[in-house]
Each structure stands twice: as C-alpha cells, then as structure tokens.
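A.B. asks:
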Amino acid sequence: MESFIEFISQPWHWSVSGVMIVVVMALLLWFGGEFGVSGNLRTMCSIIGGGKHCDFFDFNWRDQVWNLVFVGGAVIGGFIASNYLASPEPVQISAQTAAYLETVGIHTPQTMEEGAGFVPDEIFALENAFSLKNLIILIVGGFLIGFGTRWAGGCTSGHAISGLSNLQLPSLIAVIGFFIGGLTMAWLILPHILRM
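Converting from the sequence shown to the numbering used here requires adding 931 to each position, the first position being numbered 1.
Right under this line is the structure:
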C-alpha cells in the first residue's frame, strides 16, 4: 500500500491526463452524454423542485445523475488527495512568479508553518474574508462567473473538453473568450484589485 501511495503521489506526465480525457469523451460520445460541471447546478435546482416555477429547470434530472456522481467524486477525491496524499512541502512555484506575487501583496509560503500555498491566505483566509478587496473578488467575481457561464451556455470544462471534442464552433469562440478574459483579468485587472 505504501508503494502505491508513493506511486500516485509522484508528478505524472501531462499526457496521462490527455489520455484519460480522451477515454472519458469517447465513453460520453458512445452513450450520448455531454461533459460539463456547471450543468449540475441546473440538475440540483430541478431535484429540489425548480421545474414547478421555471421551465428551464423542468427536465428529467435522473438522466444527469452520473454527472452529479462525477462532481461528488471530484469533491471526495480532492479531500482524499489534500488530506492523505499531500506533499509535506508547500507548493513550489518559480522564483519569478513568487517575486511577482509579492509585488501585488501575495506571500508565497516557503514552509508548511506559513501555509501549503494552494490558495493565498491574503484572499481566502477567514479573517480576511470581509475586507473590501475580498468582497470585490468574492461577490463580484462570483457573480461574473455565474453570469458568464449561463451566457456562454456552459462552463470552461464543458466548452473546452466536450464542445471542442465535438468540433463545435461556439465552443471554440467561448474558449478563445475564456483565454482573453482570463489573461486580461490576470494581467490588467487583478493586480489593481490586489493592491487595494
């Protein structure tokens, strides 16, 4: 068991993920499904009776149980990985990236006592949750993500994985928009918000 945990804890080549995505997409195409995580929100609303008040939620949610199981597995897998398979060292990032993050007020932990480094404590620590900067990031950012997902007709995983593998032009346009929006946010807007 120890050697198995050591094996799965090692960095894997990126192509392993690519092959797994191909397998999942082939199975979804075979069974007529579509991959996307944001559709689960619609499914959950349908389960709790949203279809009585809005036609958008009036569909057979049982056809999407597999997708709910996928999301549940992702949550459980994330919990297992972070609690039982995590490295005893903080996340390692390049010195150049760490230096840039320091200029915008984000400290990169060097020891586990300073934090694991998965998410910046300056934004996600509970004691910082109600600062003006964090309220802007969490509330406005959350609204924009929710609105954008609905407007684009799906989330990044749905368009980039499912839509592109089906050669859908709207998905290609959406993915290009995701990259443009992400780069604009990361390099032009977020640094100003973080310096507040």
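Note that CB positions come from ideal geometry on N, CA and C, so glycine has one too.
#1: In whole angstroms, give me the CA-to-CA distance for Ile939 and Ile1104.
#2: Buried or exposed: Ser1093, going by 16 or more other Cβ atoms within 10 Å of its Cβ?
#3: Indicate the three-state DSSP secondary structure (helix, strand or coil) for Ile936 in the structure shown.
#4: Just to confirm the assignment, what range does the alpha helix (DSSP H) spanning Lys1064 have?
#5: How many Å lie between Ala1026 and Asn991 at the Cα?
#6: When the Cα of Val1000 is compared with those of Asn1014, Gly1089, Asn971 and Ile1067, which residue comes out closest?
#7: Determine the contact status of Pro1019 and Gln1041, defining contact as a CB-CB distance below 9 Å.
#8: Return the CA-CA distance between Ile1054 and Gly1108, expressed in angstroms with no decimal places.
#9: Give the C-beta separation of Phe988 and Cys976 to the nearest angstrom, bearing in mind that I take them to be a contact with Cβ-Cβ under 8 Å.
C.D. replies: Quick answer:
#1: If you number the sequence shown from 1, residue 939 lands on position 8. If you number the sequence shown from 1, residue 1104 lands on position 173. Computed Cα separation, rounded: 36 Å.
#2: Residue numbering aside, residue 1093 sits at position 162 when the sequence shown is read from its first letter. Buried, because 16 or more other Cβ atoms sit within 10 Å of the Cβ of Ser1093.
#3: Residue numbering aside, residue 936 sits at position 5 when the sequence shown is read from its first letter. Ile936: helix per DSSP, three-state reduction.
#4: Taking the sequence shown and counting its residues from 1, the one referred to as residue 1064 is at position 133. Taken as a continuous stretch (DSSP letters only), the alpha helix (DSSP H) holding Lys1064 covers Leu1063 to Leu1066.
#5: As a position in the sequence shown, residue 1026 is number 95, starting the count at 1. As a position in the sequence shown, residue 991 is number 60, starting the count at 1. Going by the C-alpha atoms only, they are around 51 Å apart.
#6: Within the sequence shown, the letter at position 69 stands for residue 1000. Nearest option by C-alpha distance: Asn971.
#7: What you label residue 1019 is simply residue 88 of the sequence shown in a count that begins at 1. What you label residue 1041 is simply residue 110 of the sequence shown in a count that begins at 1. Contact: no.
#8: By 1-based counting over the sequence shown, the position of residue 1054 is 123. By 1-based counting over the sequence shown, the position of residue 1108 is 177. So the two alpha carbons sit approximately 26 Å from each other.
#9: For the purposes of this step, residue 988 is taken as residue 57 along the sequence shown, with counting starting at 1. For the purposes of this step, residue 976 is taken as residue 45 along the sequence shown, with counting starting at 1. The pair is a contact, with the Cβ atoms about 5 Å apart (cut-off 8 Å).
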